[in-house]
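J.: In my numbering, the protein residues as written are 355 to 714. Even glycine gets a Cβ: it sits at the ideal position worked out from N, Cα and C. Note that this is a predicted model, so its numbers are computed, not measured. Supplied in structure tokens, the structure appears directly below.
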Ligand code: TTP
Ligand code: MG
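Put into structure tokens, the structure is as follows:
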């Protein structure tokens with residue numbers, strides 16, 4: 355039987371107060387206490403807080419001094435990013451025991467598409483339960499899971515009964531569920547959007563259903579069309595497993611097999627401009643970890659010269675790399691490529707969090 359028209363089974367897993375939970379695991383004396391992970395100095399910011407601390411209103415991205423006003427006994431722990439990555443890798447390998455169709459969103463969060471699995475007679479609920487158990491056995495950390503026919507609802511569901519929750523929205527329940535769902539639960543609807551919708555008298559997805567698609571598109575562009583669907587519990591986005599990009603480059607071939615160093619030097623500014631355009635469009639600019647020049651000589655030998663550098667490379671830096679690469683062959687060539695290496699999304703995430711702490 356074809357499974358094409360059957361509802362999909364999507365699981366969204368999100369670890370509970372992830373960084374804080376890892377810190378408590380590593381120092382059990384913190385168990386049950388209000389703790390937060392972040393910078394301790396005056397200008398410090400929190401990455402997250404334990405559920406005990408959240409009772410006082412302490413939240414992610416809150417300045418440390420503000421959190422201490424809300425909860426004077428709050429214990430602030432400095433982050434240990436490498437540890438979070440280790441635990442994240444354990445969780446990912448558990449996911450891979452179940453399916454290949456995994457889309458990680460961050461260190462502690464992922465979508466899994468379990469449509470068509472035969473385990474537990476195909477019950478996504480039981481599969482999610484088992485994954486939660488496996489995570490706990492392997493890491494002693496708790497996760498919350500949401501099970502639904504699409505990504506939008508699975509994510510809403512995993513957040514519904516946090517911490518250590520499991521919430522299922524079956525296809526039959528979707529239309530009733532969304533009627534009372536506040537629009538702010540739609541991921542992508544932030545404070546500003548929530549305010550704009552409120553001005554139109556819209557608080558829930560049920561209210562949102564009253565607006566015509568054309569009107570939503572007119573007001574919110576492409577995003578309006580997505581809102582129209584979300585309001586009805588519809589989301590056709592696939593769980594995207596696409597392997598992540600590791601480099602980005604622009605290449606130019608010299609058709610007559612006789613590119614000389616001066617030919618390329620002349621061409622380089624144009625190639626560089628094209629490279630900048632591609633980089634801008636790609637959305638990976640933040641993940642640059644190095645830069646390289648590649649030359650293919652007329653005899654098809656290839657050489658690459660590269661340097662580690664997290665900055666956006668300048669034209670000058672490519673000129674220098676080119677000279678080095680050329681010096682290795684000193685003969686005419688067929689192709690030149692310039693580009694950047696990219697760090698993994700996880701390393702980028704860790705780097706971004708680390709940068710916040712370096713200012714202290
Ligand atoms: P989240 O999953 O958003 O939060 P959480 O796991 O701490 O709590 P919850 O139980 O609500 O899921 O983020 C995962 C980790 O990412 C979090 O532990 C710390 C980090 N993080 C930041 O560094 N800054 C931020 O602003 C947020 C939201 C998270
Ligand atoms: Mg989390």
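Residues in the same chain with beta-carbon distance under 8 Å from residue 504, minus the five sequence neighbours each way, listed in chain order, please.
T.: Numbered from 1 along the chain shown, position 150 holds the residue referred to as residue 504. Excluding sequence neighbours, residue 504 sits near 362, 364, 587, 588, 589, 590 and 591.
J.: Name the DSSP bridge partner or partners of residue 602?
T.: Looking up residue 602 in the chain shown gives position 248. In DSSP, residue 602 forms a bridge with 694.
J.: Using 10 angstroms around the beta-carbon of residue 472, count the other beta-carbons present and answer buried if the total reaches 16, otherwise exposed.
T.: Locating residue 472 in the chain shown gives position 118, counting from the first residue. Residue 472 comes out exposed.
J.: Relative to the C-alpha of residue 693, which residue among 685, 638 and 708 is closest?
T.: Counting from 1 along the chain shown, the entry for residue 693 is found at position 339. For the residues 685, 638 and 708, the minimum Cα distance to residue 693 belongs to 638.
J.: Return the chain-ordered list of same chain residues with a C-beta closer than 7 Å to the C-beta of residue 626, the five sequence neighbours on each side being excluded.
T.: In the chain shown, residue 626 corresponds to position 272, counting from 1. Excluding residues within five positions, the ones whose Cβ falls inside 7 Å are 669, 672 and 692.
J.: According to DSSP, what are the bridge partners of residue 660?
T.: Reading the chain shown from its first residue, position 306 is the one you call residue 660. In DSSP, residue 660 forms a bridge with 646.
J.: Between the region 469 to 484 and the region 417 to 432, do at least 3 Cβ pairs fall closer than 8 Å?
T.: no
J.: Hey, would you say the C-beta of residue 371 is under 7 Å away from at least one heavy atom of the ligand TTP?
T.: The residue you call residue 371 lines up with position 17 of the chain shown. Yes, the ligand TTP has a heavy atom inside 7 Å of this Cβ.
J.: With respect to 7 Å, is the separation between the Cβ of residue 463 and the closest non-hydrogen atom of the ligand MG below this value?
T.: For this step, residue 463 is matched to residue 109 along the chain shown. Yes; taking the cut-off as 7 Å, the Cβ of residue 463 has a heavy atom of the ligand MG nearer than that.
J.: Where does the unbroken beta strand (DSSP E) through residue 366 begin, and where does it stop?
T.: By 1-based counting over the chain shown, the position of residue 366 is 12. Judged by DSSP secondary structure, residue 366 falls within the beta strand (DSSP E) whose first and last residues are 364 to 369.
J.: Using a Cβ-Cβ cutoff of less than 7 Å, which residues in the same chain neighbour residue 663 once the five nearest sequence positions on both sides are dropped?
T.: The sequence position of residue 663 within the chain shown is 309, counting from 1. Contacts found: 644 and 645.
J.: Could you check whether the region 531 to 538 touches the region 547 to 564, counting it as contact only if at least three pairs of C-beta atoms, one from each stretch, sit closer than 8 Å?
T.: Contact holds: three or more Cβ-Cβ distances are below 8 Å.
J.: Between the alpha carbons of residue 635 and residue 406, how many angstroms are there, rounded?
T.: Here the question's residue 635 lines up with position 281 in the chain shown. Here the question's residue 406 lines up with position 52 in the chain shown. Near 42 Å, if we compare the C-alpha coordinates of residue 406 and residue 635.
J.: Is the beta carbon of residue 500 sitting closer than 8 Å to the one on residue 510?
T.: Here residue 500 refers to the residue found at position 146 of the chain shown. Here residue 510 refers to the residue found at position 156 of the chain shown. Their beta carbons are under 8 Å apart, which means residue 500 touches residue 510 by this criterion.
J.: So, for residue 582: in the same chain, excluding its five sequence neighbours on each side, which residues have a beta-carbon less than 7 Å away from its beta-carbon?
T.: To locate residue 582, count along the chain shown from 1; it is residue 228. Once the five neighbours on either side are set aside, the close Cβ partners of residue 582 are 567 and 570.
J.: Cutting at 7 Å between CB atoms, please list the residues of its own chain near residue 703, excluding the five before and the five after it.
T.: Stepping through the chain shown from its first residue, residue 703 is reached at position 349. Counting only Cβ-Cβ distances below 7 Å, and skipping sequence neighbours, we find 460 and 461.
J.: Quick one: grab the DSSP three-state call for residue 718.
T.: Past the boundaries of the shown model lies residue 718; the chain is included only from 355 to 714, so the question cannot be answered.
J.: Taking 8 Å as the limit between beta carbons, can you name the residues of its chain near residue 513, skipping five residues before and five after?
T.: Counting from 1 along the chain shown, the entry for residue 513 is found at position 159. Around residue 513: 368, 498, 500 and 539.
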